[in-house]
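Encoded as structure tokens, the structure appears first; notes follow it.
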Amino acid sequence: MEKATAGKADGSPLVGIVMGSDTDLPVMSESAKMLDKFGIAYEVEITSAHRSPARTHEYASTAIARGLKVMIVAAGGAAHLAGVVAALTTLPVIAVPMATTVLSGIDALLSSVQMPAGVPVAAMAIDKPGAINAAIYAAEILATSDAAVARRLDEYKEELARSVAEKSARVRLQYGKK
Ligand code: AIR
1424 MEKATAGKAD
1434 GSPLVGIVMG
1444 SDTDLPVMSE
1454 SAKMLDKFGI
1464 AYEVEITSAH
1474 RSPARTHEYA
1484 STAIARGLKV
1494 MIVAAGGAAH
1504 LAGVVAALTT
1514 LPVIAVPMAT
1524 TVLSGIDALL
1534 SSVQMPAGVP
1544 VAAMAIDKPG
1554 AINAAIYAAE
1564 ILATSDAAVA
1574 RRLDEYKEEL
1584 ARSVAEKSAR
1594 VRLQYGKK
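All the letters of the sequence shown, read from the start, carry residue numbers 1424 to 1601 under my numbering.
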């Protein structure tokens, strides 16, 4: 896949990856990896809706002025971060519920998805699949006005289909079918 970076001419970030704690980073690095794959510039921020509300307010309310176009927001447990960020910006906010508590992410999923009317949050699946899909979804939003990102998404879909065909060929071989 071609490696040019999608962003403003100065290469400044278009996507903000925000998480409630550094303990979310091992999962959220999957979002970063996918954005790298699509050549999309991003920034990473740790801030907590509960532990650092002032920092969260500052970060979210200045996101548009910094040139961001989409926010990916991850938190576990009582995951209010995506909702708070969405309350403070008109950028599209994509939530990734983290499986950090004994409830395995169901708590974070419900906290993210059950937003009141007027403050939308696009909630992804819990943990790694959600982190990957959040980046793809962010790329899809950017692709509506960026032909290079749209082309990389097309290539990614083709790559996905090829990988299924290859898996099928391997399994058919294993079970004696040609
Ligand atoms: N969290 C941090 N502030 C508010 C919330 N909901 C979340 C983090 C992390 C979990 O609490 O997003 O998933 C546990 O954080 P820690 O720092 O205790 O490991």
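Every residue gets a Cβ at the ideal spot worked out from N, C-alpha and C, and that includes glycine. This structure is a prediction, so every number in the text was calculated from the model and none was measured.
Quick check for students: name the residue ranges of the beta strand (DSSP E) that lie wholly in the segment 1461-1500, counting only runs of 3 or more. 1465-1469, 1493-1499
Given that a residue counts as buried once 16 or more other Cβ atoms are within 10 Å of its Cβ, and exposed if not, what is Gly1434? Counting from 1 along the sequence shown, the entry for residue 1434 is found at position 11. With fewer than 16 other Cβ atoms within 10 Å, it is exposed.
Express the C-alpha separation of Gly1506 and Ala1604 in angstroms, rounding to a whole number. In the structure as shown, the chain begins at 1424 and stops at 1601. Residue 1604 is therefore absent and cannot be evaluated.
Let me know the secondary structure DSSP gives Val1542 once reduced to three states. One-based indexing of the sequence shown puts residue 1542 at position 119. It is coil, neither helix nor strand.
Helix, strand or coil for Ile1440 per DSSP? As a working note, residue 1440 is residue 17 in the sequence shown. Correct three-state label for Ile1440: strand.
Supposed contact pair Val1441 and Leu1504 - C-beta distance, whole angstroms, cut 8 Å: For this step, residue 1504 is matched to residue 81 along the sequence shown. For this step, residue 1441 is matched to residue 18 along the sequence shown. Indeed they touch by this definition, with Cβ atoms about 7 Å apart.
Pro1520 vs Gly1553 beta-carbon contact at 8 Å: As a working mapping, residue 1520 is identified with position 97 in the sequence shown. As a working mapping, residue 1553 is identified with position 130 in the sequence shown. Yes, the Cβ-Cβ distance between Pro1520 and Gly1553 is below 8 Å.
Return the chain-ordered list of same chain residues with a C-beta closer than 6 Å to the C-beta of Ala1558, the five sequence neighbours on each side being excluded. Indexing the sequence shown from 1 puts residue 1558 at position 135. These residues qualify, in order along the chain: Ser1454, Met1457, Leu1458.
Relative to the C-alpha of Ala1573, which residue among Ser1591, Gly1462, Ser1452, Pro1515 is closest? For the purposes of this step, residue 1573 is identified with residue 150 of the sequence shown, where counting begins at 1. Measuring from the Cα of Ala1573, the nearest candidate turns out to be Gly1462.
If you follow the beta strand (DSSP E) that Pro1520 is part of, which residue opens it and which one closes it? Taking the first residue of the sequence shown as position 1, residue 1520 is located at position 97. Pro1520 -> beta strand (DSSP E) spans 1516-1521.
Which value, in whole angstroms, describes the spacing of the CA atoms of Ile1495 and Ala1592? Sequence index remark: in the sequence shown, residue 1495 carries index 72 (1-based). Sequence index remark: in the sequence shown, residue 1592 carries index 169 (1-based). Approximately 36 Å between the Cα atoms of the pair.
Nearest-angstrom Cα distance between Arg1585 and His1480? Position 162 of the sequence shown holds residue 1585. Position 57 of the sequence shown holds residue 1480. Each residue's Cα considered, the two are about 43 Å apart.
Distance, Cα to Cα, Thr1446 vs Gly1439? Numbered from 1 along the sequence shown, position 23 holds the residue referred to as residue 1446. Numbered from 1 along the sequence shown, position 16 holds the residue referred to as residue 1439. About 17 Å.
Assuming contact is defined by CB atoms lying nearer than 8 Å, are Ala1518 and Ala1545 in contact in what I supplied? Against the sequence shown, residue 1518 aligns to sequence position 95. Against the sequence shown, residue 1545 aligns to sequence position 122. In contact: Ala1518 and Ala1545 (Cβ atoms closer than 8 Å).
With a threshold of 16 other CB atoms inside 10 Å of the CB of Val1450, please say whether the residue is buried or exposed. As a first step, residue 1450 must be located in the sequence shown, where it is residue number 27. Classification for Val1450: buried.
Looking at the ligand AIR, does it come within less than 7 Å of Pro1502, judged from the CB to the closest heavy atom? In the sequence shown, counting from the first residue as 1, residue 1502 sits at position 79. The amino acid at residue 1502 is misidentified as Pro; the sequence shows Ala. Yes; taking the cut-off as 7 Å, the Cβ of Ala1502 has a heavy atom of the ligand AIR nearer than that.
In its own chain, which residues sit with a C-beta less than 7 Å from the C-beta of Ala1486, not counting the 5 before and 5 after it? Translated into the one-based positions of the sequence shown, residue 1486 becomes position 63. Hits under 7 Å: Gly1439, Met1494, Thr1512, Leu1514.
For Leu1596, the first and last residue of its enclosing alpha helix (DSSP H): In the sequence shown, the residue the question calls residue 1596 occupies position 173. Run containing Leu1596: 1570-1597, per the alpha helix (DSSP H) assignment.
Just the C-alpha distance for Val1594 and Ala1588, rounded to the nearest angstrom, thanks. Working through the sequence shown from its first residue, we reach residue 1594 at position 171. Working through the sequence shown from its first residue, we reach residue 1588 at position 165. In a straight line, the C-alpha of Val1594 is about 10 Å away from that of Ala1588.
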